[in-house]
Amino acid sequence: MSRFAALLLVVILQAGCATTEAPFQDADPSRIARADVERVITTLAADDMRGRQAFTDDALRAADYLAGEFAAAGLQPLSGTEGHLQRFVVRSIATTDAQVTVNGSEVAIDRVGAHLGGASLAWATGDVNVMVVGPDDDARPAMLAALQGDADALLLVNEVHVDAFQRLAGFLRRPVRVVGDAPVANVVVAVVNATADATYSVTASATVAEDGLTNVVGMIPGHRTDEFVLFSAHYDHIGIRTAVDGDSIANGANDDASGTAAVVALGKYFASRGTPERTLLFAAFTAEEAGGYGSRHFSTQLNPDQIVAMFNIEMIGTPATEGPNTAWITGFERSTFGSLLQEAVIGTDYTFYADPYTTQNLFYRSDNATLARLGVPAHSISTTPIDVDPHYHQVTDHVETLDLDHMTNTVRAIAMGAETMISGVATPTRVDPATVN
Ligand SMILES: [Zn+2]
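Last residue of the sequence shown: 437 (this note's numbering), numbering continuous.
In C-alpha cells, the structure reads:
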C-alpha cells in the first residue's frame, strides 16, 4: 500500500465515522422541485456551455458546474475521486503510415488500412495470424469483426471487395480511442489476392495522444455498503455544428441536460431523507456521444456485481406519445427492472411501459449498455418520441422546446419507482451478458 493510499484510507474512515445515521424518511416526491430541474437544465444548455462536447474545455466547465450541484445536493464523494470529479485518461491512437508487402509485391497505399495498438509495428511472415476474406465472403462484417476484436491480425481481402474496403476507409482513418491503459489489438487490412500461406512484411506507425476526461459522481451511503442503486445520465453533447439561422451551438437541452438535471434533483431528494437501506450512486457521464468512455471508465471503478439497478435517464424533456404521464424503458424484457418500476407506481398518475421504438436499438444507444454487458439490470428511461423528434442532435435542442412540468413529473415518478429497489424490498433480475452485443 502506498503512502497516498494509506492517507486516503484514513480520510475515508474519518468520512465514514462522520456519517450521521438519520433514519430514511418516508417518500414524498412532491418535494422534488421544478426549480431545481429548471436551474440545472438551463445552466447546462446555455450558449456559454457551447454544447458540452467531450474532449473540450466546454465539457470540463460543465463538469465543474455539476460538481458544485452534487455537493450542494448533499452527495458525498466516492473514494478515489477529486471531490466529485472522476478524472481519467483516454488514449487516442491514430495510424499515420502503413506499408504491406505480400508475396514480394507492395500493396498500393490506397488499399491498405490499419488500426494500431501502439506507436509502431513491424511484422514478417509467421509473426501474426493471417485471415483471408475470399471472393465469396461477406467482407464488411469480416473486416469490422477483426478491427473491433482483441487479437492481432493481418487481413488479406480479395480484390473483388475493394469497394467495401473503400467504404470503411473513413472508419480506418479515425483514431482508435481506449480508456486507460487497456491493450489494443494491431489489425492491418490489405486488399490483395492471396492465400493464408502468403509471405508478407508489414510496417506501420501511429501517433499516440492522451486526453483527460471527467465524470461527475456522488453517493449517499446506505446501511448496505455493498449494494448500489445507480442513477445516471450523460452531461456531454455534440458541441458546435454547422450554423442554422446564425445558431451553431447544439445546446443538448433534451439530450441529455434533461437527464442530468433529473440526476441532480434525485440526489438532492434522496440525500434529504437520511440514510437509505441500499447505497445510492449518482453519475453524470462524459463522452456518451463520443463513444461511451465515461460509463466505460466508471464501470471499472467498482464491482458491477454490486450494482443492483441502473436508472439511466435520457431525453425526458418532451412528453411521450402514450400520454403526458408516461415514460418508456429500453430493453424492457431483459430483466424485471421495468415491471418492478411499473408495480411501484401503481395507484399514481404515472405509468412506465416498454420502449416502443425497438427498431431504433435504443438499448444500445446509451451508457446503460456498458453496464448491461457486465450483467447489471441497466436500462434507459426516456419520454421523447425519438422517431419524429425534430430537435434530436440539432442546434435547435433548446430548453424552450421542452415541457419542464412534464420533466419534473417524470423525475418524481422515477423517484417513486425506485423506492422498493432502494429499500431492498425489490431486486431486479440480472441481465444475461451473453445476450448483450
Ligand atoms: Zn443522449
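Just so it is clear, CB atoms sit at the ideal spot from N, CA and C, and this is done for glycine as well.
Keep in mind the model is a prediction, meaning the values are calculated, not measured.
Taking 6 Å as the cut-off, the C-beta of residue 367 does not count as close to any heavy atom of ligand 1. Between residue 51 and residue 239, the C-beta gap is smaller than 7 Å, which places the two residues in contact.
For the pair residue 82 and residue 64, the Cα-to-Cα distance works out to about 11 Å.
Runs of alpha helix (DSSP H) with 4 or more residues, each lying fully within the region 240–282, are found at 259–271, listed in chain order.
When rounded, the separation of the alpha-carbon atoms in residue 154 and residue 178 is 21 Å. Counted as a single uninterrupted DSSP element, the alpha helix (DSSP H) harbouring residue 140 occupies residues 139–148. A Cβ-Cβ contact shorter than 7 Å links residue 27 with residue 419. In summary, residue 79 is exposed, with fewer than 16 beta-carbon neighbours lying within 10 Å of its beta-carbon over all protein chains present.
Between the alpha carbons of residue 346 and residue 253 lies a distance of about 30 Å. Following the DSSP letters along the chain, one finds residue 95 inside the beta strand (DSSP E) bounded by residues 85–102. For residue 256, the Cβ falls inside the 6 Å cut-off from some heavy atom of ligand 1. Per DSSP, the unbroken beta strand (DSSP E) holding residue 228 starts and ends at 224–234. In this structure residue 176 is buried. Its beta-carbon is surrounded by 16 or more other beta-carbon atoms within 10 angstroms. Remark: C-beta atoms of residue 384 and residue 410 do not approach each other more closely than 7 Å.
Contact fails between the region 93–110 and the region 219–237, because fewer than three Cβ pairs, one in each stretch, are under 8 Å apart. Secondary structure note for residue 218: its beta strand (DSSP E) is the uninterrupted segment 200–220. When the five nearest sequence neighbours on each side are left out, the beta carbons in the same chain lying within less than 6 Å of the beta carbon of residue 351 are those of 326, in order along the chain. Residue 49 carries a helical assignment under DSSP once its states are collapsed to helix, strand and coil. Assignment of residue 117 by DSSP, reduced to helix, strand and coil, places it in the coil class. Two segments are said to touch when three or more pairs of C-beta atoms, one from each, lie closer than 8 Å; by this definition the region 185–198 does not touch the region 212–225. Counted as a single uninterrupted DSSP element, the alpha helix (DSSP H) harbouring residue 42 occupies residues 34–44.
Each of 112, 128 and 66 was checked against the Cα of residue 165, and the nearest Cα belongs to 112. Residue 307 sits away from residue 259, with the two beta carbons spaced by 7 Å or more.
Minimum Cα-Cα distance from residue 125 among the listed residues 200, 118, 206 and 386 corresponds to 200.
Taking a 10 Å sphere around the C-beta of residue 366, we find 16 or more other C-beta atoms and assign the residue as buried. 355 is the residue among 324, 355, 340 and 318 whose C-alpha sits nearest the C-alpha of residue 330. Taking 7 Å as the cut-off, the Cβ atoms of residue 215 and residue 294 count as close. DSSP places residue 326 within a strand segment (E or B) once states are collapsed to three.
For residue 421, the secondary structure class from DSSP, reduced to helix, strand or coil, is helix. For residue 351, the pairing in a beta bridge is given by DSSP as 326. At the C-beta level, residue 115 and residue 147 come within 7 Å of one another. Taking the C-beta atoms as reference points, residue 23 is found no nearer than 7 Å to residue 416. By the Cβ criterion, the region 294–305 is not in contact with the region 388–402, since fewer than three pairs of Cβ atoms, one from each stretch, lie closer than 8 Å.
Proximity of the beta carbon of residue 82 to ligand 1 is not indicated: no heavy atom of the ligand is located closer than 6 Å. In this model, residue 212 and residue 160 are separated by some 42 Å (Cα to Cα).
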